[in-house]
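Here the structure comes first, spelled out in structure tokens, and everything after it is commentary.
Protein chains: 2
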Amino acid sequence: MENKDSTVKLVGFWVSPYVQRVRWALKLKGVEYEYIEEDIFNRSHLLSELNPVHQKVPILVHSGKPLPESFIILEYIDETWKHNPLLPQDPHERATARFWAKFAEEKLFDAAWIGLCSEDDEHEGAVKSSIEALEKIEENLKGKNFFGGDRIGYVDIIIGWISYMLPIWEEVASMKIYDPMKFPAITSWISNFRKHPVIKEEYLPSKDEMIVYFQWRRKVLKGTFPPVFSMKKN
Amino acid sequence: MENKDSTVKLVGFWVSPYVQRVRWALKLKGVEYEYIEEDIFNRSHLLSELNPVHQKVPILVHSGKPLPESFIILEYIDETWKHNPLLPQDPHERATARFWAKFAEEKLFDAAWIGLCSEDDEHEGAVKSSIEALEKIEENLKGKNFFGGDRIGYVDIIIGWISYMLPIWEEVASMKIYDPMKFPAITSWISNFRKHPVIKEEYLPSKDEMIVYFQWRRKVLKGTFPPVFSMKKN
Chain A
1 MENKDSTVKL VGFWVSPYVQ RVRWALKLKG VEYEYIEEDI FNRSHLLSEL
51 NPVHQKVPIL VHSGKPLPES FIILEYIDET WKHNPLLPQD PHERATARFW
101 AKFAEEKLFD AAWIGLCSED DEHEGAVKSS IEALEKIEEN LKGKNFFGGD
151 RIGYVDIIIG WISYMLPIWE EVASMKIYDP MKFPAITSWI SNFRKHPVIK
201 EEYLPSKDEM IVYFQWRRKV LKGTFPPVFS MKKN
Chain B
1 MENKDSTVKL VGFWVSPYVQ RVRWALKLKG VEYEYIEEDI FNRSHLLSEL
51 NPVHQKVPIL VHSGKPLPES FIILEYIDET WKHNPLLPQD PHERATARFW
101 AKFAEEKLFD AAWIGLCSED DEHEGAVKSS IEALEKIEEN LKGKNFFGGD
151 RIGYVDIIIG WISYMLPIWE EVASMKIYDP MKFPAITSWI SNFRKHPVIK
201 EEYLPSKDEM IVYFQWRRKV LKGTFPPVFS MKKN
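Protein chains in written order, with full-length UniProt numbering: chain A, 1 to 234; chain B, 1 to 234.
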């Protein structure tokens, strides 16, 4: 691999919400890049070469140096291209943004995914946890256009998947997590997010293709999920 | 709570490895603070007031503003007190540090904890996963005194628990994860870490008290852990 260039490449998979975050972030920064589609079910040597530890997408390759994981890539993008900041400047506000991003990932994304791929008790527990997470996110979002205030930023990108993918998961798994009447702040945020010029213009997988894809994932993964919601620490 | 001061308080629990990280980080920065011990099994109103979402320690209270979660607190500390940096300056090196911290947390800490609190298949799966994670950490650490090179930093603090707590977990749950002969780089790192002037001077819970505490946790939590190691995504 070249080492002295400044090219940006993104190795992704068309339907990955993790990859979608990086697409949005690069677009918000106005960074030009080459997109490389990787078949994650038939992995090429590229994936093990660029991300030997996890062999997962997304991988951002900047100046020949590969970097995995959407959370880490987003911080990298924000530190490397400093215009249109994703995170606030104030340390406490930065920490608060990181807190909500982490919360949304661990309590909503992971729970909703298990809801998608499970049945019976696991499924019900996951749906319940997802709704509880959404209630806390609703509370945090009240009175704001975006998570950071008036400008789109880090938390919006992390949580952006609920604006287009959560409805697909709900449909595929016949579950109800997001209720527009119960979550007016989130409803209004979804509208703000989707109407944002950069988000509006950026690629999104089609609804039909997502339905087919996640129906297949649900079928394959159903039953492989344990009731992790009883896990306790300390 | 006061809002215009610059006092630093740390709400903690004596045996929490998450709290320990914040102790180390504040000490490395030379930041004076008031330590407030919280009984996490008999939570005071302080905990729900300062950390309403998770009600967990550690909580760093700086200038009256509370902040939870060790990963987030460490970044905050590094951004607020800029001397003796924990993270490197270069964005790619910062990202690499974050990657290994996250890896160690998700693949080693969480797995070893489940190993501590489980039996049979769950226990064996967790021990196996922990060893695999340690193998990758060993590979990453080869030839270096600390994770970032010659200076102690972010990853060392995150992973520091293995230098004093992992042996306790191993003893309590009769498991073998860390083998000094198999992991010479980690063995040498443990020695460097424990000998570091700041780490050497900082409080650590006593071995005997940790044994008693974790024997009790194991007894209480045993059987509550599902085999999460079969979880798959995408």
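Glycine included, C-beta positions come from ideal geometry on N, C-alpha and C.
Which listed residue (the options) has its alpha carbon closest to that of residue i
{"i": "B:E132", "options": "B:Q215, B:S191, B:F103", "result": "B:F103"}
{"i": "B:E93", "options": "A:K9, A:K182, A:E79", "result": "A:E79"}
{"i": "A:E20", "options": "A:F71, A:W100, A:E49", "result": "It is Gln, not Glu, that sits at residue 20 of chain A in the sequence shown. Among A:F71, A:W100, A:E49, the Cα nearest to that of A:Q20 is on A:F71."}
{"i": "A:P85", "options": "A:G30, A:F99, A:H45", "result": "A:G30"}
{"i": "A:E135", "options": "A:Y154, A:P66, A:S118, A:K107", "result": "A:K107"}
{"i": "A:D90", "options": "B:Y76, B:D208, B:G125, B:W161", "result": "B:Y76"}
{"i": "A:F147", "options": "A:K195, A:I114, A:A101", "result": "A:A101"}
{"i": "B:V198", "options": "B:A112, B:A95, B:V15, B:I157", "result": "B:I157"}
{"i": "A:M210", "options": "A:P167, A:D110, A:M181", "result": "A:P167"}
{"i": "A:N192", "options": "A:D150, A:M181, A:S174, A:E119", "result": "A:D150"}
{"i": "B:S174", "options": "B:D5, B:D120, B:V11", "result": "B:D120"}
{"i": "A:R217", "options": "A:V15, A:K82, A:K142", "result": "A:V15"}
{"i": "A:I36", "options": "A:L10, A:K56, A:V57", "result": "A:L10"}
{"i": "B:H123", "options": "B:T7, B:G160, B:K142, B:V172", "result": "B:V172"}
{"i": "A:V8", "options": "A:Q55, A:L60, A:H54", "result": "A:L60"}
{"i": "A:H196", "options": "A:H54, A:F109, A:G160", "result": "A:G160"}
{"i": "B:G164", "options": "B:Y154, B:N145, B:K200", "result": "Residue identity differs from the one stated: residue 164 of chain B is Tyr in this sequence, not Gly. Among B:Y154, B:N145, B:K200, the Cα nearest to that of B:Y164 is on B:K200."}
Identity of the residues DSSP links to residue i by a beta bridge
{"i": "A:Y33", "result": "In the DSSP output, where bridge partners are listed per residue, A:Y33 has none listed."}
{"i": "B:G149", "result": "B:F146"}
{"i": "B:P205", "result": "Beta-bridge pairing links B:P205 to no other residue."}
{"i": "B:L60", "result": "B:L10, B:L67"}
Chain B contact residues for residue i, given Cβ-Cβ distances below 8 Å
{"i": "A:Y164", "result": "Correct list: empty, because the minimum Cβ distance to chain B is about 16 Å."}
{"i": "A:A126", "result": "Neighbours of A:A126 on chain B: none; closest Cβ ~12 Å, over 8 Å."}
Pairwise C-alpha distance: residue j and residue i
{"i": "B:L221", "j": "B:E138", "result": "30 Å"}
{"i": "B:L87", "j": "B:K219", "result": "38 Å"}
{"i": "B:E202", "j": "B:L26", "result": "10 Å"}
{"i": "B:P205", "j": "B:F41", "result": "18 Å"}
{"i": "B:H45", "j": "B:F13", "result": "15 Å"}
{"i": "A:I186", "j": "B:A185", "result": "48 Å"}
{"i": "A:P52", "j": "B:R43", "result": "43 Å"}
{"i": "B:V212", "j": "A:C117", "result": "39 Å"}
{"i": "A:K207", "j": "B:R98", "result": "34 Å"}
{"i": "B:P17", "j": "B:E32", "result": "20 Å"}
{"i": "A:W189", "j": "A:D179", "result": "13 Å"}
{"i": "A:P66", "j": "A:L50", "result": "6 Å"}
{"i": "B:W113", "j": "B:W169", "result": "8 Å"}
{"i": "B:I162", "j": "A:T96", "result": "28 Å"}
{"i": "A:V127", "j": "B:P68", "result": "26 Å"}
{"i": "B:D39", "j": "B:H62", "result": "21 Å"}
{"i": "A:K182", "j": "A:K176", "result": "12 Å"}
{"i": "B:S48", "j": "B:V57", "result": "11 Å"}
{"i": "B:S6", "j": "A:K82", "result": "29 Å"}
{"i": "A:G125", "j": "A:F214", "result": "20 Å"}
{"i": "B:Q55", "j": "A:E105", "result": "18 Å"}
{"i": "B:L28", "j": "B:R194", "result": "13 Å"}
{"i": "A:K115", "j": "B:N145", "result": "Correcting the residue identity first, residue 115 of chain A is Gly in this sequence and not Lys. Cα-Cα distance, rounded: 44 Å."}
{"i": "A:D110", "j": "A:V155", "result": "16 Å"}
Cβ neighbour criterion (16 or more within 10 Å) applied to residue i
{"i": "B:I152", "result": "buried"}
{"i": "B:R23", "result": "buried"}
{"i": "B:E34", "result": "exposed"}
{"i": "B:I73", "result": "buried"}
{"i": "A:G64", "result": "exposed"}
{"i": "A:G143", "result": "exposed"}
{"i": "B:S129", "result": "buried"}
{"i": "A:L141", "result": "buried"}
Interface partners of residue i on chain B, CB under 7 Å
{"i": "A:K65", "result": "H92"}
{"i": "A:I199", "result": "Here the premise fails: no neighbours, minimum Cβ distance about 22 Å."}
{"i": "A:T80", "result": "P91"}
{"i": "A:I112", "result": "The sequence shown places Ala at residue 112 of chain A, not Ile. Simply none; closest approach about 12 Å."}
Beta-carbon neighbours of residue i, restricted to chain A and to distances below 9 Å
{"i": "B:P85", "result": "By Cβ distance, chain A contributes nothing, its closest Cβ being about 13 Å from B:P85, past 9 Å."}
{"i": "B:A185", "result": "The premise fails here: B:A185 is roughly 16 Å from chain A at the closest Cβ pair, so nothing lies under 9 Å."}
Interface partners of residue i on chain A, CB under 7 Å
{"i": "B:R98", "result": "I72, E75"}
{"i": "B:V53", "result": "F103, K136"}
{"i": "B:A25", "result": "Within chain A, no residue comes near B:A25; the closest Cβ sits about 13 Å away, beyond 7 Å."}
{"i": "B:A173", "result": "Within 7 Å Cβ-Cβ: nothing; B:A173 doesn't reach chain A, min ~15 Å."}
Where residue i meets chain A, residues with beta-carbon distance less than 8 Å
{"i": "B:E69", "result": "F99, K102"}
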